[in-house]
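A.B. asks: Take the sequence shown: its letter number 207 is residue 207 in the UniProt record's numbering, and every next letter is one higher.
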Amino acid sequence: MSYHNASFSGRITVAMTGASGAPYAIELIKQLVSANYQIFLLLSSAAKVVLKTETELEMPGNPAKATDWCQDYFKAKQQQIVVLGKDEWFSPPASGSAAPKQMVVVPCSTGTLSSIALGTSDNLLERAADVVIKERGQLILVPRETPFSSIHLENMLKLSNLGVTIMPAAPGFYHHPNSIEDLVNFMVARIMDHLNIDQTLVPRWGYTK
């Protein structure tokens with residue numbers, strides 16, 4: 001299958017794990033689609049359970065059917081969202097010569113964070129993160145856990161020292177949120193800002209919306 005399409009503004013890998021925080025991923029994908037980015041979407045088995053629990057969205061288990069589902073749900077262009085299975089080793093995210101230079105794991109479980117820190121690459125999600133690190137790309141991890149143990153913090157420090165951005169799912173309140181959606185938008189806006197992609201969800205400090 002050919003994944004190349006020059007009509008997109010950019011390419012990015014987005015991964016979801018079993019940590020709480022599926023709405024962050026859903027809103028991020030919406031924003032990336034709006035920004036005309038092609039998205040390689042990776043989901044762990046637990047991520048699909050959390051997605052259904054937190055949003056009542058039930059994505060098909062088959063990657064091809066999940067791709068069609070995403071295209072319909074997010075109103076995406078053909079090939080704009082490509083859902084990949086955990087063993088699709090011949091897909092672009094698995095290769096240093098073909099992978100997008102940017103990747104976001106949101107929400108990121110501490111288990112996945114640990115595996116990335118160890119470089120285990122037991123599945124496509126872990127391999128994709130490993131590729132971005134070794135190719136000196138941009139990797140953003142959005143862990144959602146509380147409290148953090150010393151093990152979690154040591155893994156975060158190790159990854160941070162490698163250039164990985166650790167962005168805990170900890171929305172602020174200075175923008176006077178009135179809803180859960182406002183809190184979700186805060187975090188997604190921070191992710192978009194770090195990706196250097198324009199967003200209008202939340203104004204930057206000192207600016208009006």
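The beta-carbon is built from N, C-alpha and C at its ideal position, and this holds for glycine as well.
In terms of residue numbering, what span does the alpha helix (DSSP H) encompassing threonine 110 cover?
C.D. replies: Translated into the one-based positions of the sequence shown, residue 110 becomes position 110. Start and end: 110-118.
A.B. asks: From Tyr73, Ser115 and Asp130, pick the residue whose C-alpha is nearest to that of valine 33; which is it?
C.D. replies: For the purposes of this step, residue 33 is identified with residue 33 of the sequence shown, where counting begins at 1. Selected option, being the one with the closest Cα: Tyr73.
A.B. asks: Any chance the region 169-180 sits against the region 132-139, with 3 or more Cβ pairs inside 8 Å?
C.D. replies: With the cut-off at 8 Å, the region 169-180 and the region 132-139 do not touch.
A.B. asks: For methionine 103, name the three-state secondary structure that DSSP assigns.
C.D. replies: To locate residue 103, count along the sequence shown from 1; it is residue 103. Correct three-state label for methionine 103: strand.
A.B. asks: According to DSSP, is alanine 15 part of a helix, a strand, or is it coil?
C.D. replies: Looking up residue 15 in the sequence shown gives position 15. Alanine 15: strand per DSSP, three-state reduction.
A.B. asks: Buried or exposed: glycine 61, going by 16 or more other Cβ atoms within 10 Å of its Cβ?
C.D. replies: As a position in the sequence shown, residue 61 is number 61, starting the count at 1. Answer is exposed; the Cβ neighbour count stays below 16.
A.B. asks: Would DSSP call phenylalanine 186 helix, strand or coil?
C.D. replies: On the sequence shown, residue 186 is found 186 positions in, with the first residue counted as 1. Of the three classes helix, strand and coil, the one that applies to phenylalanine 186 here is helix, per DSSP.
A.B. asks: What are the start and end residues of the alpha helix (DSSP H) that includes tyrosine 174?
C.D. replies: Translated into the one-based positions of the sequence shown, residue 174 becomes position 174. Segment: none, tyrosine 174 is in no alpha helix (DSSP H) and carries neither H nor E.
A.B. asks: With which residues is isoleucine 166 paired in a DSSP beta bridge?
C.D. replies: For the purposes of this step, residue 166 is identified with residue 166 of the sequence shown, where counting begins at 1. Leu141.
A.B. asks: Less than 8 Å between the CB atoms is what I'm expecting for alanine 129 and valine 106, so what's the real figure, rounded?
C.D. replies: The residue you call residue 129 lines up with position 129 of the sequence shown. The residue you call residue 106 lines up with position 106 of the sequence shown. Contact doesn't hold; Cβ gap of about 12 Å is too wide.
A.B. asks: Thinking C-alpha only, which one of Ser114, Val82 and Leu125 is nearest glutamate 154?
C.D. replies: As a position in the sequence shown, residue 154 is number 154, starting the count at 1. It is Ser114.
A.B. asks: Along the chain, where does the alpha helix (DSSP H) containing isoleucine 151 start, and where does it finish?
C.D. replies: Counting from 1 along the sequence shown, the entry for residue 151 is found at position 151. First-last of the alpha helix (DSSP H) with isoleucine 151: 150-161.
A.B. asks: Can you give the Cα-Cα distance for threonine 200 and arginine 144, rounded to whole angstroms?
C.D. replies: By 1-based counting over the sequence shown, the position of residue 200 is 200. By 1-based counting over the sequence shown, the position of residue 144 is 144. Rounded to the nearest angstrom, the two C-alpha atoms are 24 Å apart.
A.B. asks: Hey, how far is the Cα of proline 23 from the Cα of asparagine 5?
C.D. replies: Taking the sequence shown and counting its residues from 1, one reaches residue 23 at position 23. Taking the sequence shown and counting its residues from 1, one reaches residue 5 at position 5. Going from the Cα of proline 23 to the Cα of asparagine 5 covers about 28 Å.
A.B. asks: Please classify valine 83: does DSSP put it in a helix, a strand, or coil?
C.D. replies: In the sequence shown, counting from the first residue as 1, residue 83 sits at position 83. Here valine 83 sits in strand by DSSP.
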